[in-house]
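Heads up, the thing below is written out as structure tokens.
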Amino acid sequence: MSRTGRRPGAPETREDILVAARRAFGDRGYEATSLRSIAGQVHVDPALLVHYFGTKDRLFLAALEVTFGPSALFSGLNTLDVAEAAELIVRRYLTMLDREQTRDVVLSLVRSAVSSERAATMLREFLVGEMLASLGTLIDQPDGQLRASLVVAQLIGIAMLRHVVKVDAVVRASNDELVSLVAPVIEGYLRQLHG
Numbered sequence: 000m001s002r003t004g005r006r007p008g009a010p011e012t013r014e015d016i017l018v019a020a021r022r023a024f025g026d027r028g029y030e031a032t033s034l035r036s037i038a039g040q041v042h043v044d045p046a047l048l049v050h051y052f053g054t055k056d057r058l059f060l061a062a063l064e065v066t067f068g069p070s071a072l073f074s075g076l077n078t079l080d081v082a083e084a085a086e087l088i089v090r091r092y093l094t095m096l097d098r099e100q101t102r103d104v105v106l107s108l109v110r111s112a113v114s115s116e117r118a119a120t121m122l123r124e125f126l127v128g129e130m131l132a133s134l135g136t137l138i139d140q141p142d143g144q145l146r147a148s149l150v151v152a153q154l155i156g157i158a159m160l161r162h163v164v165k166v167d168a169v170v171r172a173s174n175d176e177l178v179s180l181v182a183p184v185i186e187g188y189l190r191q192l193h194g
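By numbering that gives the first Met the number 0, the letter at position 136 of the sequence shown is numbered 135, and the numbering carries on one by one without gaps.
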């Protein structure tokens, strides 16, 4: 029995920690979020977070990876024509942002990267290691990494304007409207990738 009254680790505790971490990083950003504050939300000892994740950096990345799997966003694109691939990327992304859990992660990335060099480095590593690598099957031009980066910039910009800055026109737009306007831009980047 714990003297602090906090519950010990159970199989569902790890997921509870990830849920609390996603929310905390999304609300307060990377720097302002501590392991202790996350542990307090889940009513566990902070040492349990260290046991499961080791460091705040690794918890941040785990929260990101569990909910925002770039492989799901970009899978199967090489079997589609460029216009279909562009539309599917935008539609999948907007669908992911519609889920609170994923939106929390994306927002935590955006907010944290703006305020913390460490979080910016982790975001860069994640984007290069995961998202850009997932677009790798479409890259066959010398400037493919630049163009893939611009696809990611477009997607992150949508999240920023819709959910952080809350630009009214972007907030009110339906997913179909956004797909019809953004997919041709993504298609332009992808067309260049295909030559």
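For glycine and all other residues, C-beta sits at the position ideal for the given N, C-alpha and C.
If you're wondering where the values come from, they're calculated on a predicted model, not measured in any experiment.
Taking the beta carbon of residue i as the centre, do at least 16 other beta carbons fall within 10 Å, making it buried, or is it exposed?
{"i": "LYS55", "result": "buried"}
{"i": "GLY194", "result": "In this prediction, GLY194 has a pLDDT of 48, which is less than 50 and means its spatial position is unreliable; what the coordinates show is noted afterwards. Result: exposed."}
{"i": "VAL181", "result": "buried"}
{"i": "VAL170", "result": "exposed"}
{"i": "ASP142", "result": "exposed"}
{"i": "ALA168", "result": "exposed"}
{"i": "ALA152", "result": "exposed"}
{"i": "ALA158", "result": "buried"}
Nearest by alpha-carbon distance to residue i: which of the options is it?
{"i": "GLU129", "options": "LEU72, ALA46, SER115", "result": "LEU72"}
{"i": "GLU176", "options": "GLY75, GLU86, THR78", "result": "GLU86"}
{"i": "ARG161", "options": "ASP142, VAL184, ASP97", "result": "ASP97"}
{"i": "ARG123", "options": "LEU60, GLY75, ASP103", "result": "LEU60"}
{"i": "PRO145", "options": "VAL163, LEU126, MET159, ALA158", "result": "Correcting the residue identity first, residue 145 is Leu in this sequence and not Pro. LEU145 has its Cα closest to that of LEU126, out of VAL163, LEU126, MET159, ALA158."}
{"i": "THR12", "options": "VAL43, ASP80, THR78", "result": "VAL43"}
{"i": "SER115", "options": "ASP15, PHE24, ALA19, LEU17", "result": "PHE24"}
{"i": "ARG57", "options": "ARG22, VAL184, LEU34", "result": "LEU34"}
{"i": "SER173", "options": "SER74, VAL105, VAL89, VAL104", "result": "VAL89"}
{"i": "ALA147", "options": "GLU64, GLN100, GLU186", "result": "GLU186"}
{"i": "ARG22", "options": "LEU106, GLY75, TYR51, PRO45", "result": "LEU106"}
{"i": "HIS50", "options": "ILE16, PRO183, THR94", "result": "ILE16"}
{"i": "THR101", "options": "THR78, LEU63, SER74", "result": "LEU63"}
{"i": "ILE37", "options": "LEU131, SER74, ALA19", "result": "ALA19"}
{"i": "SER133", "options": "GLY53, ASN77, GLN40, LEU48", "result": "ASN77"}
Less than 8 Å between the CB atoms is what I'm expecting for residue i and residue j, so what's the real figure, rounded?
{"i": "ALA84", "j": "LEU189", "result": "6 Å"}
Is the number of C-beta pairs between the region 110 to 120 and the region 15 to 31 that are closer than 8 Å three or more? yes
What ranges does the alpha helix (DSSP H) occupy inside the region 68 to 110, keeping only unbroken runs of at least 4 residues that lie completely in it? Fully enclosed alpha helix (DSSP H) runs of 4 or longer: 69 to 73, 81 to 97.
4-residue-minimum alpha helix (DSSP H) runs that sit fully inside the region 136 to 180, ordered along the chain: 143 to 158, 167 to 171
Ranges of the alpha helix (DSSP H) found wholly within the region 2 to 64, counting only runs of at least 4: 10 to 27, 34 to 41, 45 to 52
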